[in-house]
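Comments concern the structure below.
Here it is as structure tokens:
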């Protein structure tokens, strides 16, 4: 019991010491059995004794005391709590009273040494931890320095890039500023040059104005001088005329008297001679008979010579001359009259054989036709030429179509390309001949057969006398003329090519139609053909107007004025070609003739698109009005 109390006292002392040291040593020692907790808490078991040591003291039960918990312990002025010392002192007193106090102190000493060893180990551990912390701190410092160095390098690079960018921007700004200054300088130079040019022009205008004013004043002075001079000269001439008037009058009177006396004496002398001759003839009978007989013989000779020459010339003209029905021919009126022209044309054809083109580049001269029709006519021309070369019979042709579509021109080109002579007659010339029509037709065919090269006989308006024979209004003379033509064309001829042209092929006699070998239709020109025709006649009537070749016959004639063409392009001509739908070739030629007349009617003799379109629109309206009138007459 006593030992237990001693241990309890030692524990209390240790607790007091712990409490006292807590203020100064952060409370490293802890004795749970001696704490100041409630008395109901059991005491800690005593430590086990190591081998060779004294056995543990028996547990002494502390005296239970009822203590009131002091949540606010009493303290001194220095902040020290004496309660722990009191408990320690009390425990020491109890230990001193105990018989095992030495063991308690040895145990405490042993515990203290163990505690010191633990503290030393913890100190070493703390130093190792401190060294590790120092190493970590150095590593962190190195990494931070490395990051700082990298950051500084990046910052330096960014600063360098930024400075470079600033330098480039500064250089660009300087360049822009220099460019702006240069532009401003150029602008100022241009403005300066413009101002100088304006000043120069103004100076020149002033000089010109002064010069014009000077010339005007000079001209006025010259006019005034001329006027004064003319007045002076007129006054001088008037004065001279007034002075010489009397002299001239006397001279004229003397001259008139002399002339009168001369003519009176001449007339008297002539009548005296005539009177003397008549007196001699009348007084002498032989002279009278001779005079009367001479006058009578002279009159008879003159009359006989005139009538004989007329008869002989009529016979020669009937035998060798051109028939009266022929309106146009490539042959001369007499065999010898066209010899030179035919020789020149033959030579020119041989020189340009295969190269004959019109002004529009057409291989068929200036004839503008539908391409298929033109190709067919060229084939017929080639076939006709080869037929003549091989002495084969010719083929007769019929051309039909609206008026003005180029039938006559095609016949001329056909004869020219085939190498034949060409003769044109109209059917309307046969009816007025009456009973002489048969004789004239036979004379026509006899004359045509005399051509050595062959002849293309083109009969225009053939339906005028080759119409159906059973019609009541056909006269006997016309019927006889038709029969004569049928007789002369009954067989194929090697000398004559008969080409008929008509607007109404249905009116022809069936026998005439039977003698036709080739039938060609001439339609109205299409848009492309109208375009070519407009260009052809524009060149002929407008562009080449006033380009006549100089000759002796034109010396005393007024020359045709040259027409100036402005802005007449292919588009304008194409527009006119579209508007002139339904026009024939002749109507297009008349349209361009109207354009020429309109140009000559203007003041400046200039053809522009406005005038051209105005004439075209007028002619188109006129064409439509004609068609309406024709339709109205046909309906009536």
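Residue numbers (UniProt numbering): 1 to 636.
Yeah, the Cβ is synthetic: ideal placement off N, Cα and C, and Gly gets one too.
**Item:** Check whether residue 487 and residue 427 have beta carbons under 9 Å apart
**Value:** Here the question's residue 487 lines up with position 487 in the chain shown. Here the question's residue 427 lines up with position 427 in the chain shown. No, the Cβ-Cβ distance between residue 487 and residue 427 is not below 9 Å.
**Message:** Closer than 8 Å is the cut-off here; do at least three beta carbon pairs connect the stretch 575–586 with the stretch 527–541?
**Reply:** yes
**Request:** State the Cα-Cα distance for the pair residue 407 and residue 533, rounded to the nearest angstrom.
**Result:** Translated into positions along the chain shown, residue 407 becomes position 407. Translated into positions along the chain shown, residue 533 becomes position 533. Distance between the alpha carbons of residue 407 and residue 533 is about 15 Å.
**Message:** Only counting the same chain, and skipping five residues up and downstream in sequence, which positions put a Cβ closer than 6 Å to that of residue 497?
**Reply:** Walking along the chain shown from the start, residue 497 turns up at place 497. The residues are 394, 456.
**Asked** Candidates 589, 566, 449, 614: which alpha carbon is nearest residue 605's?
**Response** Sequence index remark: in the chain shown, residue 605 carries index 605 (1-based). Cα-wise, what sits closest to residue 605 is 566.
**Request:** Note down, in chain order, each residue of its chain lying with its Cβ closer than 8 Å to the Cβ of residue 599, except the 5 sequence neighbours on either side.
**Result:** Mapped onto the chain shown, residue 599 falls at position 599. If we look at residue 599 and ignore the five residues flanking it on each side, its Cβ neighbours are 542, 563, 605, 606, 607, 611.
**Message:** Check whether the stretch 372–390 and the stretch 418–432 touch, using three or more Cβ-Cβ pairs below 8 Å as the test.
**Reply:** yes
**Item:** Alpha-carbon to alpha-carbon, residue 329 and residue 440
**Value:** Position 440 of the chain shown, counting from 1, holds the residue named residue 440. Position 329 of the chain shown, counting from 1, holds the residue named residue 329. Using only the alpha carbons, I get a separation of about 16 Å.
**Item:** Option in 589, 391, 509 with minimal Cα separation from residue 492
**Value:** The residue you call residue 492 lines up with position 492 of the chain shown. Cα-wise, what sits closest to residue 492 is 391.
**Item:** Own chain, CB closer than 7 Å to residue 521, minus 5 neighbours either side, in chain order
**Value:** For the purposes of this step, residue 521 is identified with residue 521 of the chain shown, where counting begins at 1. Around residue 521: 400, 401.
**Message:** Rounding to the nearest angstrom, what Cα-Cα distance links residue 167 and residue 158 in this structure?
**Reply:** Position 167 of the chain shown, counted from the first residue, corresponds to residue 167. Position 158 of the chain shown, counted from the first residue, corresponds to residue 158. If I take the Cα positions, the gap works out to 14 Å.
**Item:** Straight-line gap, residue 236 to residue 214 (C-alpha atoms, nearest Å)
**Value:** Within the chain shown, numbered from 1, the residue matching residue 236 stands at position 236. Within the chain shown, numbered from 1, the residue matching residue 214 stands at position 214. Spanning the two alpha carbons is a distance of roughly 32 Å.
**Request:** Specify the secondary structure class of residue 400 as computed by DSSP and reduced to three states.
**Result:** In the chain shown, the residue the question calls residue 400 occupies position 400. Here residue 400 sits in strand by DSSP.
**Message:** Assuming contact is defined by CB atoms lying nearer than 9 Å, are residue 412 and residue 458 in contact in what I supplied?
**Reply:** Along the chain shown, read from residue 1 onward, the residue named residue 412 stands at position 412. Along the chain shown, read from residue 1 onward, the residue named residue 458 stands at position 458. Going by C-beta atoms, residue 412 is nearer than 9 Å to residue 458.
**Request:** Using a threshold of 9 Å, state whether the C-beta atoms of residue 509 and residue 476 are closer than that.
**Result:** For the purposes of this step, residue 509 is identified with residue 509 of the chain shown, where counting begins at 1. For the purposes of this step, residue 476 is identified with residue 476 of the chain shown, where counting begins at 1. Contact: no.
**Message:** Let's see if you can read the secondary structure: which residues bound the alpha helix (DSSP H) around residue 592?
**Reply:** Taking the first residue of the chain shown as position 1, residue 592 is located at position 592. Here the alpha helix (DSSP H) through residue 592 covers 585–601.
**Message:** Rounded to the nearest angstrom, what separates residue 398 and residue 388 at their Cα positions?
**Reply:** Working through the chain shown from its first residue, we reach residue 398 at position 398. Working through the chain shown from its first residue, we reach residue 388 at position 388. Using only the alpha carbons, I get a separation of about 20 Å.
**Rounded straight-line distance, which links the Cα of residue 174 to that of residue 198** = Position 198 of the chain shown, counted from the start, is the residue given in the question as residue 198. Position 174 of the chain shown, counted from the start, is the residue given in the question as residue 174. Going from the Cα of residue 198 to the Cα of residue 174 covers about 35 Å.
**Prompt:** Skipping 5 residues on each side, what residues in its chain have a beta carbon closer than 8 Å to that of residue 368?
**Reply:** To locate residue 368, count along the chain shown from 1; it is residue 368. Around residue 368: 360, 362, 406, 525, 529, 532, 533, 536, 585.
**Request:** Identify every residue that forms a DSSP beta bridge with residue 106.
**Result:** Taking the first residue of the chain shown as 1, we reach residue 106 at position 106. DSSP, once it has assigned bridges, lists no residue as partnering residue 106.
**Message:** Between which two residues does the alpha helix (DSSP H) holding residue 422 run?
**Reply:** Taking the chain shown and counting its residues from 1, one reaches residue 422 at position 422. Looking at the DSSP string, residue 422 is not in any alpha helix (DSSP H); the run it does join, the beta strand (DSSP E), is 421–426.
**Message:** My output table needs one value for residue 630: the three-state DSSP class, helix, strand or coil.
**Reply:** On the chain shown, position 630 is the one that residue 630 refers to. Of the three classes helix, strand and coil, the one that applies to residue 630 here is helix, per DSSP.
**Item:** Beta-bridge pairing of residue 521 - partner residues as DSSP gives them
**Value:** Translated into the one-based positions of the chain shown, residue 521 becomes position 521. According to DSSP, which records beta bridges pairwise, residue 521 is partnered with 400.
**N-terminal and C-terminal residue of the alpha helix (DSSP H) that residue 394 is part of** = Taking the chain shown and counting its residues from 1, one reaches residue 394 at position 394. Where residue 394 is concerned, there is no enclosing alpha helix (DSSP H), given that its DSSP letter is neither H nor E.
**Asked** Excluding the five sequence neighbours on either side, which residues of its own chain have a C-beta within less than 8 Å of the C-beta of residue 377, listed in chain order?
**Response** As a position in the chain shown, residue 377 is number 377, starting the count at 1. Correct list, in chain order: 364, 369, 410, 413, 414, 520.
**Message:** If I measure Cβ to Cβ from residue 430 and keep anything under 6 Å in the same chain, skipping five residues before and after, which residues do I get?
**Reply:** Taking the chain shown and counting its residues from 1, one reaches residue 430 at position 430. Once the five neighbours on either side are set aside, the close Cβ partners of residue 430 are 437, 465, 481.
**Asked** In whole angstroms, what separates the C-alpha of residue 633 from that of residue 504?
**Response** Your numbering for residue 633 matches position 633 in the chain shown. Your numbering for residue 504 matches position 504 in the chain shown. For residue 633 and residue 504, the distance between alpha carbons rounds to 17 Å.
**Request:** State yes or no: is the C-beta of residue 602 nearer than 8 Å to some heavy atom of the ligand GTP?
**Result:** For the ligand GTP, the structure offers nothing, since it holds no ligand at all.
**Prompt:** With 16 other CB atoms within 10 Å as the buried threshold, where does residue 616 fall?
**Reply:** As a working note, residue 616 is residue 616 in the chain shown. Residue 616 is buried by the Cβ-count criterion.
**Prompt:** How would you label residue 588, buried or exposed, when you count the other beta carbons within 10 angstroms and need 16 or more for buried?
**Reply:** Walking along the chain shown from the start, residue 588 turns up at place 588. Looking at its Cβ environment, which holds 16 or more other Cβ atoms inside 10 Å, residue 588 is buried.
**Message:** Please return the same chain residues whose Cβ sits closer than 7 Å to the Cβ of residue 624, not counting the five positions on each side in sequence.
**Reply:** The sequence position of residue 624 within the chain shown is 624, counting from 1. There are no such residues.
**Request:** Kindly indicate which three-state DSSP category residue 563 falls into: helix, strand or coil?
**Result:** Here residue 563 refers to the residue found at position 563 of the chain shown. Correct three-state label for residue 563: coil.
**Message:** Assuming residue 462 and residue 500 are in contact, meaning their beta carbons sit under 8 Å apart, how far apart are those beta carbons, in whole angstroms?
**Reply:** Position 462 of the chain shown, counted from the first residue, corresponds to residue 462. Position 500 of the chain shown, counted from the first residue, corresponds to residue 500. Indeed, because the Cβ distance is near 4 Å, the residues count as touching under 8 Å.
**Request:** Please confirm whether residue 448 and residue 495 have their CB atoms less than 9 Å apart.
**Result:** Position 448 of the chain shown, counting from 1, holds the residue named residue 448. Position 495 of the chain shown, counting from 1, holds the residue named residue 495. Yes, Cβ-Cβ distance for residue 448 and residue 495 is below 9 Å.
**Item:** Neighbourhood of residue 245 by C-beta distance below 6 Å, restricted to the same chain and skipping five residues each side
**Value:** Here residue 245 refers to the residue found at position 245 when the chain shown is read from its first residue. Excluding sequence neighbours, residue 245 sits near nothing in its chain.
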